[in-house]
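Quick notes on the structure that follows.
In our numbering, the protein residues as written are 917 to 1324.
As structure tokens, this is what we get:
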């Protein structure tokens, strides 16, 4: 996109999902792992390998570490298992990516030094991605680049990436209060902290939630939680949630819906909300896997469609046992995983010459729908008539856990 895109667009499109991911630790790890190293003891995601070579060259997928975001990590594993290690290169961002800019640049430069690499998927495109990609573009302008959930200036992102995928955070600002009310809520609690509220997209979504609550008659309550990157760390922030939710349920009643902007808070938030019999419309990163299994003691044993159905079933069973079935929801598929899979499959079509340099939205949406096994649509970001056609925003209907999700 050209520099003519307005400053308003730049401000409004500061993206947030990676901001809600678990924070990098404030203290460095005792031993830093190489970028490509992945925990050997972890079982790979289930996927049937493709027997014939599907494309020439290599597609590199950069994800956060397993501790930062499991779904992104597993999505790359799915592609490795589908196409093989000789076709898919899985590379990790440093755990402390906010303070490891040079390592990020080195990671991307190493990918670009391999002439067989034809495509690059970055999930998540955390702060510093643009600088790393700039170094790549100095020597390689022949690589198809996909950004998932980017966090940098949208016009700048659009100049570097051929495809950009992100959940439609602003539409969530309307959707979350409406869903909370459908689940029986009379009050909506929004947990966040100043660092997150300095992110324009998160602040804009919060304001939309406030406005929608006024419109539909919900009480909105702003709750400030500790920042997990502060001195209290992740354990302190999680303990705060476990202690604060019962206080707010006592104050507002059980028909209170809880939402937090931070991934590390989702497990304690779900657990406390279940224990108090309250309401939970969605995780910050909507997915059947995000927070639910760990909060409810469910062993999520795979990421295939069948495995996902089993996780949803076990979640519904656990909620039924606790007497809160029908008061909890999420999105039906993990969007972070879908974005990696759809990006990979689209890049394969590009490598094989089935799509050109201009984004074919129909093909992209077909790839997303194939993974989700339901219709997935996207829209370009538009601001006062200015449009970024290859920047696709995704929204889905909610999955409200009910009897129909319990498998025999």
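We put the CB at the ideal spot given by N, CA and C, even for glycine.
### Which of helix, strand or coil DSSP assigns to residue 932
With a pLDDT of only 44 at residue 932, under 50, the local geometry of the prediction cannot be trusted, and the value read off the model is given with reservation. Coil, per DSSP.
### Query
residue 1260 to residue 1163, Cα distance in whole Å?
46 Å
### Task
Measure how close the beta-carbons of residue 1171 and residue 1102 come, nearest whole angstrom, since I'm counting them as under 8 Å.
4 Å
### Query
Between the stretch 1147-1167 and the stretch 1118-1136, are three or more C-beta pairs nearer than 8 Å?
no
### Beta-carbon proximity list for residue 1316, same chain, < 6 Å, skipping 5 on both sides
1245
### Cβ neighbour criterion (16 or more within 10 Å) applied to residue 1057
exposed
### Message
Considering only their Cβ atoms, is the gap separating residue 1258 from residue 1280 smaller than 8 Å?
### Response
yes
#### Entry: Proximity to residue 1139 [Cα-Cα], best of 1161, 1129, 978
1161
### Message
In whole angstroms, give me the CA-to-CA distance for residue 1206 and residue 1212.
### Response
11 Å
### Message
For residue 1009 and residue 1264, I'd like the C-alpha separation in whole angstroms.
### Response
23 Å
### Query
Can you round the beta-carbon distance between residue 1304 and residue 1081 to whole angstroms, since I take them to be within the 8 Å contact cut?
That pair is no contact at about 12 Å.
### Task
Determine the DSSP secondary structure at residue 983, reduced to helix, strand or coil.
coil
#### Entry: Opposing strand residues paired with residue 1060 [DSSP bridges]
1035
### Query
Which first and last residues belong to the beta strand (DSSP E) in which residue 1007 is found?
1004-1008
### 8 Å contact criterion, which residue 1036 and residue 1059 should meet: CB distance rounded
5 Å
### Query
Start and end of the beta strand (DSSP E) containing residue 1135?
1135-1140
### Task
Could you have a look at residue 1083 and say whether DSSP puts it in helix, strand or coil?
strand
### Message
Quick check on residue 1268: buried or exposed, where buried means 16 or more other Cβ atoms within 10 Å of its Cβ?
### Response
exposed
### Query
If we count the other Cβ atoms within 10 Å of its Cβ and call it buried at 16 or more, is residue 1011 buried or exposed?
buried
### Three-pair Cβ contact test at 8 Å for the stretch 1061-1072 versus the stretch 1089-1102
no
### Query
If you draw a straight line from the alpha carbon of residue 1222 to that of residue 1055, how long is it in whole angstroms?
43 Å
### Message
Can you list, in chain order, the residues of its chain with a C-beta nearer than 7 Å to that of residue 1025? Leave out the 5 residues immediately preceding and following it.
### Response
1051, 1052
### Task
Would you check if the distance between the CB atom of residue 1023 and the CB atom of residue 1041 is smaller than 8 Å?
no
### Task
Let me know if residue 1166 comes out buried or exposed under the rule of 16 or more other beta-carbons within 10 Å of its beta-carbon.
exposed
### Start and end residues, beta strand (DSSP E) containing residue 1305
1302-1310
### Three-state class that DSSP yields for residue 1299 in the structure shown
strand
### Message
Just to confirm, is the Cβ distance from residue 991 to residue 1046 under 8 Å?
### Response
no
### Message
On a Cα-Cα basis, can you pick out the residue from 1175, 1208, 1180 that is closest to residue 1187?
### Response
1208
### Task
Jot down the residue ranges of each uninterrupted alpha helix (DSSP H) in the stretch 1205-1241, minimum 4 residues, whole runs only, in chain order.
1208-1212, 1221-1237
#### Entry: Whole-angstrom distance between residue 1297 and residue 1043, CA atom to CA atom
20 Å
### Task
Could you tell me which of 1002, 981, 980, 984 sits nearest to residue 974, measuring between CA atoms?
1002
### Query
Going by Cα to Cα distance, which pick from 1017, 1016, 1015, 993 is closest to residue 1007?
993
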